[in-house]
Every structure is written in structure tokens, then in C-alpha cells.
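Chemist:
Numbering (my numbering), first residue to last: 45 to 494.
Set out below in C-alpha cells:
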């Protein structure tokens, strides 16, 4: 029996780790040269096999960039990624392994078991994910966790790595894979990368963007999790670029040779300080700040809930129990302005253009399939307040052209070239965005602000 065949058998035999759910077709297993993927909660075997192969291709593409950072692992069994079709299945597996520490991450790698568990995002209604490729968010999560698995196999000190090194490297590798496999665009356009830039810009604007010395020495103060991830990504990415790359590569070489131990972060920081003196670090800080200030991010989303990789339409899919919301990072201009575009909405779904986001809420123009029509509502901390409603035929999977005209004291809604609602209201200047109701799906055909 070949090594590949042997590990296929062992993977199948390990079904007790995460059991199939009632009514599921059972797990699907695919094995590559370096990774193996086990897809749980499979409903349709053919679709499950396709999704598993897509995941395996991303993981295999990660091995080269990750090995360049961490070193090439010795030959051995494939590194195993458990991919979960349902968030509930992921939560069950995560609870057994880490006791809930990574429940809300929807992805983690286990030091102890040397494998990864990842939930397919979004946790969409039955049949939605089976009809399309894995989302860019899921693919990036696969690359991120695959990079962690390579580090576990290549560096004995992996359990002692500081977050700026382990997470910064994983995010850097995932970004490289996303570019190479074309499920992410330029930094300022890609929703996930754009969001990190937006976070960094807000830190810079409030003089809270940490210096590289503080990052390497683990002094991030009161930054929250999202801010820490953005900073770690930014610093690692910057150090991997000219003119710092050659010296930083020497620091990475040292990191691979350092012995394990609780003082590993301090020893790694000392190697960094030895490679970059005070003047170098000031130059790195200045370069990072200049780059952050010069960027024009397009998106600022809590999670990348929109796929912008297609030139024809942006795809937005919501979790079965929560809406998907994607905010633009750029603010709307002062009135008058128009937002034009078209939307194709899935069955039993509704899609919204969000206007004038402030600390207290926003206005929403909602296109609904059932009941068919358009409504305008005010959304805030309490239940939405309906401002007006118009009945108009909106059919599932039918492209609906729209135009929203905002003047100083009014909002006009046009559908298919016909004005269907005019509302006397004043919209505050703020960000705008796109949303899909829980369990829904929509394709946005390039909404544009003029």
C-alpha cells in the first residue's frame, strides 16, 4: 500500500473524531501530496467532493510560501484539515478540543492534534454553498490554517511563537495565496485586506498605531483582537518588503533555529533588535505610517461578507441566522448624489442599500422578493422604523435596476426606470453599504455613487 493510500484509509477510519450528523451523506476525504481534507456534514456527495477538492487545492498551494518562511517539514503523513459545512458541527469539534476558546473564530489549528478545523463561511441555508465555489473568506481561512500546520511540522518551537510572528506570518502567507489563486484583488479593493487597512488608518488617526518595537516586544496595550490582527499583518507584511526583507529573512532564519521555551518571544525580539537598530526601526515606522496614510480602502466589514472577485457582480451571502452587511470605507458625498446599479436577489431573500451610517444607525432602502416591493426604513439600536413602502414586482433571480437620488431634504427611489417612492428626509453624511437578510443571497451589479 502506498503512503497516500494508507493515509486515505486512516482518515476514513478516524470518523469518530467528528461524527456525521443525522441525514448527512457522511464525510468526504481527499488526499494530496502535503495535505488531506476531510469535509463533514456532506448532503450531496458530488458537491461535497468538489468543495473538498477546492479546499485541498488551496492548502496545497500554501505549502510553498509557508515553507519559505518556516522551513520545509520532513516527509511524513499529510497535514489534516477538517472542513465543516455547518457551523454547529465546527462548534462541536472545537468544544471537544479547546473548550470554546476558538468558537467565534470559526477556524483554528490544534497544537496537540496537529490538525485544523474550519467552518465554511457563510453558514448558509441548505443547498446554497453546494451550488457555488468556496467563498474567498473560506479559502483564505484554509490558507491561514494550512500555514499554521506547516509551522507546526517545520519548527519545534511552534507552541512558543508570539502572535506577531505566528499570526502575522499566517496572514501574510494567506494573502500571497489569495493573490496567486486570484480569490483576492489589490489590497485596497479586497474586502478583508481593505478592512485591515481601514482599521490601521483609524489607529493612525488617533495616534494609536504601535511602533514596530512595541509590536515585536508584545506591547500592544488596549488594542482589541481585530486591531491586533491588523497590526500584526501590517508589520509582518511591511518587513517582508524591500528594503527590510533581507535582514528580516535573517531574523526568520534565527527563529527557525531557536530552541523551544517560554522565553522564546523575548529571544526572538532580541534577534530583531540586533538586526534593526533604533534608526532602522524609526525608518520602518515612518514607512508603515506613510503607506497606511496613502491607501484608499474600499471596504470596512466586520467579516468579509461579500465576494468582489467577479467583474460582473459582487456576491453577498448571509448566514442562515444573521444578515450579511458590508460597509464601504469611503463616506458618501454631501447631497445631491445618486447611487445607481442593479441587484439580483435569491428566492425568499431581501437586499438593502444602506445610507448615511452614523453612531446611531442608518437608513436602508430594502428590495424584497416576498412580499414584493421596496421599503425605506430607519435602522438603529432598536427595531427598524418603516418610513415608506411601495409595491413593485421583484422576482427571484431577476436583475432589478435601481437608482437612489439623495438631495438635501429628500430621497427618491427609482426601479426599472420608474420613480416608485419619494421621501422627505435628511440623510446624514456617512458611510454606505450593502446588506442581505438572514439566509439570503444577492448579486450586486456594480453600485456606483455619483
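Glycine included, C-beta positions come from ideal geometry on N, C-alpha and C.
For residue 457, write down the residues that DSSP places opposite it in a beta bridge.
Modeler: Numbered from its first residue, the chain shown carries residue 457 at position 413. Answer is 448, 465, bridged to residue 457.
Chemist: Please classify residue 166: is it buried, with 16 or more other beta-carbons within 10 angstroms of its beta-carbon, or exposed?
Modeler: Here residue 166 corresponds to residue number 122 of the chain shown, with the count starting at 1. Result: buried.
Chemist: Would residue 17 and residue 183 be called neighbours here (beta carbons separated by less than 9 Å)?
Modeler: Look at the range of the chain in this structure, 45 to 494, and you will see that residue 17 is not part of it.
Chemist: From 421, 457, 452, 427, pick the residue whose C-alpha is nearest to that of residue 436; which is it?
Modeler: On the chain shown, position 392 is the one that residue 436 refers to. Of the listed residues, the one whose Cα sits closest to residue 436 is 457.
Chemist: Look at the Cβ atom of residue 229, then the Cβ atom of residue 106, and state whether they are nearer than 9 Å.
Modeler: The sequence position of residue 229 within the chain shown is 185, counting from 1. The sequence position of residue 106 within the chain shown is 62, counting from 1. No; because the gap between Cβ atoms is not below 9 Å, this pair is not in contact.
Chemist: Classify residue 341 as buried or exposed, calling it buried when 16 or more other Cβ atoms lie within 10 Å of its own Cβ.
Modeler: In the chain shown, the residue the question calls residue 341 occupies position 297. Its Cβ being crowded by 16 or more others within 10 Å, residue 341 is buried.
Chemist: In chain order, what residues of the same chain lie with their CB nearer than 7 Å to the CB of residue 311, ignoring the 5 residues before and after it?
Modeler: The sequence position of residue 311 within the chain shown is 267, counting from 1. These residues qualify, in order along the chain: 302.
Chemist: Helix, strand or coil for residue 275? Go by DSSP, reduced to three states.
Modeler: Position 231 of the chain shown, counted from the start, is the residue given in the question as residue 275. If DSSP states are grouped into helix, strand and coil, residue 275 belongs with the helices.
Chemist: CB residue 362 to CB residue 481, shorter than 9 Å?
Modeler: Locating residue 362 in the chain shown gives position 318, where the first residue counts as 1. Locating residue 481 in the chain shown gives position 437, where the first residue counts as 1. Yes.
Chemist: Between 468, 445, 473, which has its C-alpha nearest residue 462's C-alpha?
Modeler: Translated into the one-based positions of the chain shown, residue 462 becomes position 418. Measuring from the Cα of residue 462, the nearest candidate turns out to be 445.
Chemist: Can you tell me the Cα-Cα spacing of residue 489 and residue 406, whole angstroms?
Modeler: Translated into the one-based positions of the chain shown, residue 489 becomes position 445. Translated into the one-based positions of the chain shown, residue 406 becomes position 362. Taking the Cα positions, residue 489 is about 22 Å away from residue 406.
Chemist: Within the chosen definition, does the stretch 232-243 reach the stretch 317-334 through at least 3 CB pairs nearer than 8 Å?
Modeler: no
Chemist: Three or more beta-carbon pairs under 8 Å between the stretch 85-97 and the stretch 105-119, yes or no?
Modeler: No: fewer than three Cβ pairs fall under 8 Å.
Chemist: Measuring alpha carbon to alpha carbon, tell me which of 414, 377, 400 ends up nearest residue 394.
Modeler: The count along the chain shown starts at 1 and reaches residue 394 at position 350. Comparing Cα positions, the closest option is 414.
Chemist: Buried or exposed: which applies to residue 196, given that a residue is buried once 16 or more other Cβ atoms fall within 10 Å of its Cβ?
Modeler: Taking the chain shown and counting its residues from 1, the one referred to as residue 196 is at position 152. By the neighbour-count rule (16 or more Cβ atoms within 10 Å), residue 196 is buried.
Chemist: Below 6 Å CB to CB, which residues in the same chain sit around residue 283 once its five sequence neighbours on both sides are set aside?
Modeler: As a working mapping, residue 283 is identified with position 239 in the chain shown. The answer, listed in chain order, is 292.
Chemist: Whole-angstrom Cβ separation of residue 127 and residue 82, contact assumed at under 8 Å?
Modeler: As a first step, residue 127 is located in the chain shown; it is residue number 83 there, counting from the start. As a first step, residue 82 is located in the chain shown; it is residue number 38 there, counting from the start. Indeed, because the Cβ distance is near 7 Å, the residues count as touching under 8 Å.
Chemist: Less than 7 Å between C-beta atoms, sequence neighbours within five positions excluded: which residues of the same chain meet that for residue 365?
Modeler: Along the chain shown, read from residue 1 onward, the residue named residue 365 stands at position 321. Non-local beta-carbon contacts of residue 365 in its own chain, meaning distances under 7 Å to residues more than five positions away in sequence, involve 482 in chain order.
Chemist: For residue 349, count neighbouring Cβ atoms within 10 angstroms of its own Cβ and tell me buried if that reaches 16, exposed if not.
Modeler: Taking the first residue of the chain shown as 1, we reach residue 349 at position 305. The residue is buried, with at least 16 neighbouring Cβ atoms inside 10 Å.
Chemist: Taking 8 Å as the limit between beta carbons, can you name the residues of its chain near residue 156, skipping five residues before and five after?
Modeler: Along the chain shown, one-based indexing puts residue 156 at 112. Excluding the 5 residues flanking it on each side, residue 156 has same chain C-beta neighbours closer than 8 Å at 141, in chain order.
Chemist: Taking the alpha carbon of residue 512 as the reference point, which residue from 391, 87, 131, 487 has its own alpha carbon closest?
Modeler: Residue 512 lies beyond the residue range present for the chain, which begins at 45 and ends at 494; the question has no answer from this structure.
Chemist: Report the partner residues of residue 394 according to the DSSP bridge assignment.
Modeler: For this step, residue 394 is matched to residue 350 along the chain shown. Paired residues: 412.
Chemist: If we ignore side chains and look at the alpha-carbon of each, how far apart do residue 78 and residue 187 end up?
Modeler: Here residue 78 refers to the residue found at position 34 when the chain shown is read from its first residue. Here residue 187 refers to the residue found at position 143 when the chain shown is read from its first residue. One C-alpha to the other measures close to 13 Å.
Chemist: Whole angstroms are fine: how far does the CA of residue 208 sit from the CA of residue 367?
Modeler: Sequence index remark: in the chain shown, residue 367 carries index 323 (1-based). Sequence index remark: in the chain shown, residue 208 carries index 164 (1-based). In a straight line, the C-alpha of residue 367 is about 32 Å away from that of residue 208.
Chemist: Provide the residue span of the beta strand (DSSP E) that contains residue 360, from first to last.
Modeler: In the chain shown, residue 360 corresponds to position 316, counting from 1. Element bounds for residue 360: 358-361.
Chemist: If you run the structure through DSSP and keep just helix, strand and coil, what is residue 400?
Modeler: Taking the chain shown and counting its residues from 1, one reaches residue 400 at position 356. Correct three-state label for residue 400: strand.
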